[in-house]
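Everything below concerns the one structure shown next.
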Amino acid sequence: MYTSEGLDITAVTARKLCPRPLWEQVPRIVNAGITKIILREKDLSPDEYTALAERVLKACEDCGAELTIHGFPESARKLGTERLHMPLPRLTAELCGEFGTVGTSVHSGEQLMQAEALGVSYVIAGHIYATDCKRGLEPRGLGFLADICKRTALPVYAIGGITTERLCDIKSAGSVGACIMSAAMKL
1 MYTSEGLDIT AVTARKLCPR PLWEQVPRIV NAGITKIILR EKDLSPDEYT ALAERVLKAC
61 EDCGAELTIH GFPESARKLG TERLHMPLPR LTAELCGEFG TVGTSVHSGE QLMQAEALGV
121 SYVIAGHIYA TDCKRGLEPR GLGFLADICK RTALPVYAIG GITTERLCDI KSAGSVGACI
181 MSAAMKL
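Following the working numbering, the numbering of the sequence shown begins with 1 at its first residue and continues without gaps.
Encoded structure:
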(Lines of atoms letter the chains of each structure in order from A and count residues from 1; the text may use other names and numbers.)
(Lines give C-alpha, C1' and ligand atoms only; values in the text may rest on other atoms or scores of the structure.)
Protein backbone atom coordinates (compact mmCIF):
# COMPACT_ATOMS: atom_id res chain seq x y z
CA MET A 1 0.00 0.00 0.00
CA TYR A 2 1.33 3.44 -0.91
CA THR A 3 1.52 5.52 2.25
CA SER A 4 -0.10 8.84 1.46
CA GLU A 5 0.35 10.80 4.73
CA GLY A 6 -3.15 12.17 4.10
CA LEU A 7 -2.22 13.50 0.65
CA ASP A 8 -4.08 12.89 -2.58
CA ILE A 9 -1.69 10.73 -4.64
CA THR A 10 -1.83 10.67 -8.44
CA ALA A 11 0.12 8.32 -10.71
CA VAL A 12 1.52 9.96 -13.84
CA THR A 13 2.20 7.45 -16.58
CA ALA A 14 5.42 6.74 -18.42
CA ARG A 15 4.71 3.50 -20.29
CA LYS A 16 8.37 3.00 -21.25
CA LEU A 17 9.22 2.53 -17.56
CA CYS A 18 6.50 -0.09 -17.13
CA PRO A 19 7.41 -3.80 -17.40
CA ARG A 20 3.96 -4.65 -18.75
CA PRO A 21 1.33 -2.99 -20.96
CA LEU A 22 0.11 0.17 -19.27
CA TRP A 23 -3.50 -1.00 -18.99
CA GLU A 24 -2.22 -4.07 -17.10
CA GLN A 25 -0.38 -1.77 -14.70
CA VAL A 26 -3.58 0.02 -13.66
CA PRO A 27 -4.76 -2.71 -11.22
CA ARG A 28 -1.30 -2.69 -9.57
CA ILE A 29 -1.49 1.08 -9.15
CA VAL A 30 -4.98 0.88 -7.67
CA ASN A 31 -3.99 -2.02 -5.39
CA ALA A 32 -1.25 0.24 -4.05
CA GLY A 33 -3.92 2.73 -2.99
CA ILE A 34 -3.60 5.20 -5.87
CA THR A 35 -6.91 5.87 -7.61
CA LYS A 36 -6.03 8.84 -9.83
CA ILE A 37 -4.02 8.43 -13.02
CA ILE A 38 -2.81 11.03 -15.52
CA LEU A 39 -2.12 9.46 -18.92
CA ARG A 40 1.00 11.41 -19.94
CA GLU A 41 2.35 9.85 -23.11
CA LYS A 42 3.53 12.88 -25.05
CA ASP A 43 5.46 10.99 -27.74
CA LEU A 44 2.38 9.36 -29.26
CA SER A 45 0.41 10.56 -32.25
CA PRO A 46 -3.20 11.58 -31.53
CA ASP A 47 -4.50 8.27 -32.92
CA GLU A 48 -1.96 6.21 -30.96
CA TYR A 49 -2.77 8.15 -27.81
CA THR A 50 -6.51 7.66 -28.23
CA ALA A 51 -6.06 3.91 -28.78
CA LEU A 52 -3.96 3.64 -25.62
CA ALA A 53 -6.34 5.89 -23.68
CA GLU A 54 -9.29 3.65 -24.57
CA ARG A 55 -7.56 0.63 -23.03
CA VAL A 56 -6.33 2.52 -19.97
CA LEU A 57 -9.77 4.11 -19.44
CA LYS A 58 -11.39 0.66 -19.52
CA ALA A 59 -8.86 -0.61 -16.97
CA CYS A 60 -9.50 2.45 -14.78
CA GLU A 61 -13.27 1.95 -14.96
CA ASP A 62 -12.84 -1.74 -14.05
CA CYS A 63 -10.69 -0.83 -11.03
CA GLY A 64 -12.54 2.26 -9.85
CA ALA A 65 -9.74 4.66 -10.79
CA GLU A 66 -10.12 8.15 -12.24
CA LEU A 67 -8.31 8.87 -15.52
CA THR A 68 -7.12 12.30 -16.63
CA ILE A 69 -6.19 12.79 -20.28
CA HIS A 70 -2.91 14.69 -20.71
CA GLY A 71 -2.35 16.98 -23.67
CA PHE A 72 -4.91 15.46 -26.06
CA PRO A 73 -8.25 17.25 -25.70
CA GLU A 74 -9.55 15.57 -28.88
CA SER A 75 -8.98 12.18 -27.20
CA ALA A 76 -10.84 13.35 -24.11
CA ARG A 77 -13.76 14.41 -26.32
CA LYS A 78 -13.80 11.08 -28.19
CA LEU A 79 -13.73 9.13 -24.94
CA GLY A 80 -16.27 11.36 -23.22
CA THR A 81 -13.98 12.09 -20.26
CA GLU A 82 -14.32 15.23 -18.17
CA ARG A 83 -10.74 15.41 -16.84
CA LEU A 84 -7.98 17.10 -18.84
CA HIS A 85 -4.42 18.16 -18.03
CA MET A 86 -2.75 20.51 -20.51
CA PRO A 87 0.69 22.08 -20.82
CA LEU A 88 0.28 25.76 -19.97
CA PRO A 89 1.36 27.07 -23.40
CA ARG A 90 -1.46 25.04 -25.03
CA LEU A 91 -4.11 25.75 -22.40
CA THR A 92 -7.03 28.05 -23.17
CA ALA A 93 -9.93 29.44 -21.18
CA GLU A 94 -12.22 27.64 -23.66
CA LEU A 95 -10.73 24.26 -22.69
CA CYS A 96 -11.13 25.13 -19.01
CA GLY A 97 -14.80 25.85 -19.66
CA GLU A 98 -15.35 22.74 -21.76
CA PHE A 99 -14.08 20.10 -19.34
CA GLY A 100 -15.18 19.47 -15.77
CA THR A 101 -11.67 19.39 -14.30
CA VAL A 102 -8.67 20.96 -16.00
CA GLY A 103 -5.17 21.21 -14.64
CA THR A 104 -1.75 22.36 -15.74
CA SER A 105 1.82 22.30 -14.50
CA VAL A 106 3.53 25.42 -13.21
CA HIS A 107 7.18 26.19 -12.64
CA SER A 108 6.96 29.79 -11.38
CA GLY A 109 4.66 32.24 -9.67
CA GLU A 110 4.05 33.95 -13.01
CA GLN A 111 2.88 30.67 -14.55
CA LEU A 112 0.59 30.13 -11.57
CA MET A 113 -1.05 33.51 -12.24
CA GLN A 114 -1.49 32.61 -15.92
CA ALA A 115 -3.08 29.27 -14.97
CA GLU A 116 -5.45 30.93 -12.50
CA ALA A 117 -6.48 33.52 -15.10
CA LEU A 118 -7.37 30.74 -17.55
CA GLY A 119 -9.60 29.06 -14.97
CA VAL A 120 -7.82 25.81 -14.06
CA SER A 121 -9.14 23.50 -11.37
CA TYR A 122 -5.71 22.56 -9.95
CA VAL A 123 -1.98 22.93 -10.60
CA ILE A 124 0.96 20.60 -10.43
CA ALA A 125 4.08 22.37 -9.15
CA GLY A 126 7.53 21.08 -9.86
CA HIS A 127 9.92 19.71 -10.06
CA ILE A 128 10.48 19.67 -6.31
CA TYR A 129 13.31 17.15 -5.93
CA ALA A 130 15.94 15.86 -8.33
CA THR A 131 14.45 13.37 -10.75
CA ASP A 132 15.56 11.33 -13.75
CA CYS A 133 12.69 12.87 -15.72
CA LYS A 134 14.42 16.28 -15.44
CA ARG A 135 18.01 15.09 -15.33
CA GLY A 136 20.47 17.96 -15.15
CA LEU A 137 17.86 20.55 -14.14
CA GLU A 138 18.12 21.94 -10.64
CA PRO A 139 15.06 21.03 -8.54
CA ARG A 140 12.94 23.96 -7.35
CA GLY A 141 12.68 22.61 -3.80
CA LEU A 142 10.23 22.79 -0.93
CA GLY A 143 10.53 26.58 -0.65
CA PHE A 144 9.16 26.92 -4.17
CA LEU A 145 6.32 24.51 -3.37
CA ALA A 146 5.42 26.39 -0.18
CA ASP A 147 5.45 29.70 -2.09
CA ILE A 148 3.12 28.35 -4.79
CA CYS A 149 0.77 26.92 -2.15
CA LYS A 150 0.64 30.26 -0.30
CA ARG A 151 -0.13 32.21 -3.48
CA THR A 152 -3.26 30.28 -4.48
CA ALA A 153 -6.49 28.79 -3.21
CA LEU A 154 -6.25 26.15 -5.96
CA PRO A 155 -5.30 22.60 -5.02
CA VAL A 156 -1.54 22.21 -5.55
CA TYR A 157 0.10 18.86 -6.28
CA ALA A 158 3.87 18.39 -6.01
CA ILE A 159 5.80 16.49 -8.66
CA GLY A 160 9.40 15.48 -9.17
CA GLY A 161 11.38 12.97 -7.15
CA ILE A 162 8.47 12.23 -4.84
CA THR A 163 8.99 9.27 -2.51
CA THR A 164 6.98 8.08 0.47
CA GLU A 165 9.73 9.43 2.74
CA ARG A 166 9.18 12.93 1.36
CA LEU A 167 5.39 13.07 1.66
CA CYS A 168 5.37 14.65 5.14
CA ASP A 169 7.52 17.51 3.84
CA ILE A 170 5.26 17.93 0.80
CA LYS A 171 2.22 18.14 3.08
CA SER A 172 3.96 20.57 5.44
CA ALA A 173 4.68 22.86 2.47
CA GLY A 174 0.91 23.12 1.90
CA SER A 175 0.40 20.71 -0.98
CA VAL A 176 -2.87 18.76 -1.09
CA GLY A 177 -1.29 16.00 -3.10
CA ALA A 178 1.67 14.51 -4.88
CA CYS A 179 2.25 13.01 -8.29
CA ILE A 180 4.48 10.01 -8.73
CA MET A 181 5.74 8.51 -11.95
CA SER A 182 8.61 6.04 -11.71
CA ALA A 183 7.44 4.38 -8.51
CA ALA A 184 3.92 3.88 -9.92
CA MET A 185 5.18 2.47 -13.19
CA LYS A 186 7.40 -0.08 -11.41
CA LEU A 187 4.87 -1.42 -8.88
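We treat Cβ as the ideally placed atom computed from N, Cα and C, and that holds for glycine.
No experiment lies behind these values; they were computed from the predicted model shown.
Sequence-distant residues of its chain with Cβ nearer than 7 Å to residue i (five each side left out)
i: residue 78; result: 50
i: residue 41; result: 13, 15, 49, 52
i: residue 173; result: 142, 145, 146, 149
i: residue 35; result: 64, 65, 66
Bounding residues of the alpha helix (DSSP H) (the contiguous stretch that carries residue i)
i: residue 170; result: 167 to 172
i: residue 56; result: 46 to 63
i: residue 117; result: 109 to 118
Helix, strand or coil at residue i according to DSSP, with G and I counted as helix
i: residue 90; result: helix
i: residue 78; result: helix
i: residue 10; result: strand
Those residues which DSSP pairs with residue i across a bridge
i: residue 85; result: 70, 103
i: residue 150; result: Its beta-bridge partners do not exist; DSSP assigns none.
CB contact flag (residue i, residue j, <8 Å)
i: residue 196; j: residue 124; result: Because the chain spans 1 through 187 in this model, residue 196 falls outside it and cannot be assessed.
i: residue 178; j: residue 158; result: yes
i: residue 68; j: residue 38; result: yes
i: residue 75; j: residue 102; result: no
Same chain only: Cβ atoms within 6 Å of residue i, ignoring 5 sequence neighbours per side
i: residue 185; result: 14, 17, 18
i: residue 194; result: The requested residue 194 is not part of the displayed model; the chain covers only 1 to 187.
i: residue 91; result: 104, 118
Below-8 Å beta-carbon distance, residue i vs any chain C residue
i: residue 183; result: Of the protein chains in this structure there is only one, and it is not chain C.
Extent of the continuous beta strand (DSSP E) to which residue i belongs
i: residue 125; result: 122 to 126
i: residue 38; result: 36 to 39
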